[in-house]
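**Q**
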Ligand SMILES: Cc1cc2nc3c(=O)[nH]c(=O)nc-3n(C[C@H](O)[C@H](O)[C@H](O)COP(=O)(O)O)c2cc1C
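Numbering (our numbering), first residue to last: 5 to 182.
#1: Going by DSSP, what residues sit across from residue 35 in a beta bridge?
#2: Where in the segment 23-88 do unbroken runs of the beta strand (DSSP E), each at least 3 residues long, occur, reported from the N-terminal end onward?
#3: Buried or exposed: residue 54, going by 16 or more other Cβ atoms within 10 Å of its Cβ?
#4: Between the segment 81-94 and the segment 112-122, do at least 3 Cβ pairs fall closer than 8 Å?
#5: Taking residue 9 as the reference, which of 52, 40, 150, 46 has the closest Cα?
#6: Whose C-alpha, out of 130, 47, 16, 82, is nearest the C-alpha of residue 74?
#7: Alpha carbons only, please: which of 31, 39, 178, 26 is nearest the one belonging to residue 12?
#8: Do residue 79 and residue 115 count as a contact pair if the criterion is CB distance below 8 Å?
#9: Which two residues bound the contiguous alpha helix (DSSP H) that contains residue 172?
#10: Any idea if residue 21 is buried or exposed, counting beta-carbon neighbours within 10 angstroms, 16 or more meaning buried?
#11: Of the choices 104, 157, 108, 30, whose alpha-carbon is the least far from that of residue 140?
#12: Which class does residue 126 belong to by DSSP, given the choice of helix, strand or coil?
#13: Output the boundary residues of the alpha helix (DSSP H) element that contains residue 140.
The following block contains the structure:
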């Protein structure tokens, strides 16, 4: 069984997970610019790691196209976002909802997916995302006054954080049988 690892990342947290995963699997983590190599590699399994962006998953369109073109492959998605790992305070439903927006359940019920917490680094964002985040911070400020969850998330993002943890990939490795 061979596995290809492709990742899409802006500020580096998803790249970190992709490199950890590739290292554990004894393969190379291919950046999104080299996605065609992964598609053409003939690997039985393709793991796509990408980051949540405004409730969607970057690069999902490419993966949907590849799944149509190469239905015989096994696909696994690892979504990386700013949300903490699922817990009582931060239910899985938050990240599942974003995943299902990119891969609607009616069509992709069999697509295996995992979540890993990334981080946030305002200075490394592209100009457009900086503008979007400034607007988002302003929008959330009012809600943060009454919702401690929102206040926590807002403060973490404003200060910046690195929530990556190699252990979060263990369920992915278990699933892949590695
Ligand atoms: C404009 C923008 C929108 C975002 N939207 C979401 C989101 O909807 N859900 C989420 O969990 N994280 C969201 N994030 C946080 C990123 O997914 C997080 O910072 C991730 O670690 C970035 O990965 P990267 O370092 O590989 O680019 C957003 C970040 C930006 C800049």
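We put the beta carbon where it would ideally sit given N, CA and C, even for glycine.
**A** Answer, in terms of the structure:
#1: For the purposes of this step, residue 35 is taken as the residue at position 31 of the chain shown. Beta-bridge pairing by DSSP links residue 35 to 11.
#2: 33-35, 49-57, 78-85, all fully within the segment 23-88.
#3: As a working mapping, residue 54 is identified with position 50 in the chain shown. Result: buried.
#4: Touching, yes, given that three or more Cβ pairs across the two stretches are closer than 8 Å.
#5: Numbered from its first residue, the chain shown carries residue 9 at position 5. The residue with the shortest Cα to Cα distance from residue 9 is 52.
#6: Within the chain shown, the letter at position 70 stands for residue 74. When only C-alpha atoms are compared, the closest one is 47.
#7: As a working note, residue 12 is residue 8 in the chain shown. Residue 12 has its Cα closest to that of 39, out of 31, 39, 178, 26.
#8: To locate residue 115, count along the chain shown from 1; it is residue 111. To locate residue 79, count along the chain shown from 1; it is residue 75. Yes, they are a contact pair.
#9: Counted from its first residue, the chain shown places residue 172 at position 168. Careful: residue 172 lies outside any alpha helix (DSSP H) and carries neither H nor E.
#10: For the purposes of this step, residue 21 is identified with residue 17 of the chain shown, where counting begins at 1. In the assembly as shown, residue 21 is a buried residue. Its beta-carbon has 16 or more other beta-carbons within 10 Å.
#11: Within the chain shown, numbered from 1, the residue matching residue 140 stands at position 136. Comparing Cα-Cα distances from residue 140 to each of 104, 157, 108, 30, the minimum goes to 157.
#12: Here residue 126 is taken as the residue at index 122 of the chain shown, counted from 1. If DSSP states are grouped into helix, strand and coil, residue 126 belongs with the helices.
#13: Counting from one through the chain shown, the residue named residue 140 turns up at place 136. Per DSSP, residue 140 is one residue of the alpha helix (DSSP H) stretching across 131-150.
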